[in-house]
Amino acid sequence: MKSFSFSVLIILIVAFSNCSKEKTDILNNTWKVEKIQSAGDLVWLSPQTNKSYFLSFKNRKVYNLKMDCNNCSGQIKFSGKNSLKFGGFVCTLMACGDTTKAFDYKLPQLILGVNSYQINGTELSLEGEGGVIILSKQH
Numbered sequence: 190m191k192s193f194s195f196s197v198l199i200i201l202i203v204a205f206s207n208c209s210k211e212k213t214d215i216l217n218n219t220w221k222v223e224k225i226q227s228a229g230d231l232v233w234l235s236p237q238t239n240k241s242y243f244l245s246f247k248n249r250k251v252y253n254l255k256m257d258c259n260n261c262s263g264q265i266k267f268s269g270k271n272s273l274k275f276g277g278f279v280c281t282l283m284a285c286g287d288t289t290k291a292f293d294y295k296l297p298q299l300i301l302g303v304n305s306y307q308i309n310g311t312e313l314s315l316e317g318e319g320g321v322i323i324l325s326k327q328h
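Our numbering puts the first residue of the sequence shown at 190, with every later residue one more than the last.
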């Protein structure tokens, strides 16, 4: 019985440490938005080459989204394995010149609809009913 209890304890420790590691990976990095896809769309949208979009986390509760020359900030909540929810955000409203309107308007909508994430190497996938956002880890 003691060996069974010990085995169960080890399995739980490994399971929770992997979950914790993934949250640490997502929190301790800056992520570059590579492409987005709205649900039902066949085409992926990418930002213009001269535009930069980054997602980072100040801590377990606050995120920052840099959309070219505008910055957004809001709350985030992690719940369960690979589950998260982005709350509403506030943004600066600077005119950034010629913007990729479809990309600039869809990205915030997709962020608010995210309910899960997956990390595969240096790629972060944010998924929700509205679509998918693919990001790459910045070094």
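Quick reminder that beta carbons are idealized off the backbone N, C-alpha and C, glycines included. Small disclaimer: the values here were computed from a predicted structure and weren't measured.
Have a look at G276 and I265 and give me their C-alpha separation to the nearest angstrom. 6 angstroms
Three-state secondary structure assigned by DSSP to Q298: helix
How far does the beta strand (DSSP E) with G319 in it extend, from its first residue to its last? Segment: none, G319 is in no beta strand (DSSP E) and carries neither H nor E.
Distance, Q226 Cα to T281 Cα: 24 angstroms
Fully enclosed by the region 206-258, which beta strand (DSSP E) runs are 3 residues long or longer? 219-227, 242-246 and 251-256
Is the beta carbon of Y242 closer than 8 angstroms to that of K224? no
Where DSSP assigns a beta bridge to M274, which residues make up the other side? According to the sequence shown, residue 274 is Lys rather than Met. K274 pairs with K266.
Please identify the residue among S268, V321 and N259 whose C-alpha is closest to the C-alpha of V303. V321
Specify the secondary structure class of I199 as computed by DSSP and reduced to three states. Residue placement at I199 cannot be trusted, given a pLDDT of 40 that sits under 50; what the coordinates show is reported in the next sentence. Three-state result, I199: helix.
Starting from the Cα of F246, find the closest Cα among S235, K274, G229 and K240 and give me that residue. K274
Report the partner residues of L315 according to the DSSP bridge assignment. Y306 and I322
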